[in-house]
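Numbering (the working numbering), first residue to last: 49 to 154.
Every residue gets a Cβ at the ideal spot worked out from N, C-alpha and C, and that includes glycine.
Every value quoted in this text rests on a predicted model; they were computed, and no experiment measured them.
The next block holds one structure in the form of structure tokens; read it before the comments.
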Amino acid sequence: HSRLAYAEIHDDETGPTCAAFLASATAFFATHGIRVERVISDNALNYRRSKNYRKTAADLAITLKFIRPHCPWTNGKAERLNRTLATEWAYSRVFTTNDERAALLP
Numbered sequence: 049h050s051r052l053a054y055a056e057i058h059d060d061e062t063g064p065t066c067a068a069f070l071a072s073a074t075a076f077f078a079t080h081g082i083r084v085e086r087v088i089s090d091n092a093l094n095y096r097r098s099k100n101y102r103k104t105a106a107d108l109a110i111t112l113k114f115i116r117p118h119c120p121w122t123n124g125k126a127e128r129l130n131r132t133l134a135t136e137w138a139y140s141r142v143f144t145t146n147d148e149r150a151a152l153l154p
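Here it is as structure tokens:
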């Protein structure tokens, strides 16, 4: 188990974007000796129905799992990471531009 996190900023949440993120995240974790075997996510269409996302997962030998609808606590670690990113990065101070906010993420 790992506490290592990976994040990127994108303009959309389409299936192809999510597939590219999955590939990038998997490569990032591999550089740290971590092999991604399973990904659990909510039931958004960009995960559930995207051919790009499913193909990328299959190409990477990743099993996709989905939480029960309307049960976000099932994915508690991801939800907690989102909260931490919101409080410690995205809304940690007043930013004048989104580019200024994005520059602070690394």
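Cα-Cα separation, residue 137 to residue 66: 22 angstroms
Proximity of residue 113 and residue 87 at Cβ, strictly below 8 angstroms: yes
Range covered by the beta strand (DSSP E) that runs through residue 112: 111 to 114
Unbroken beta strand (DSSP E) run spanning residue 86, endpoints: 86 to 89
Among 99, 115 and 148, nearest to residue 62 - alpha-carbon criterion: 99
Buried versus exposed, by CB contacts within 10 Å (16 or more), residue 105: buried
Cut-off 7 angstroms between Cβ atoms - residues of its own chain near residue 55, not counting five sequence neighbours on either side: 133 and 153
Contiguous beta strand (DSSP E) assignments of at least 3 residues, all confined to the region 49 to 106: 86 to 89
Distance between beta carbons of residue 101 and residue 70, contact taken as under 8 angstroms: 7 angstroms
Chain-order list of residues whose beta-carbon lies under 6 angstroms from that of residue 110 (same chain, five-residue window excluded): 84 and 87
Proximity below 8 angstroms, CB of residue 150 to CB of residue 57: yes
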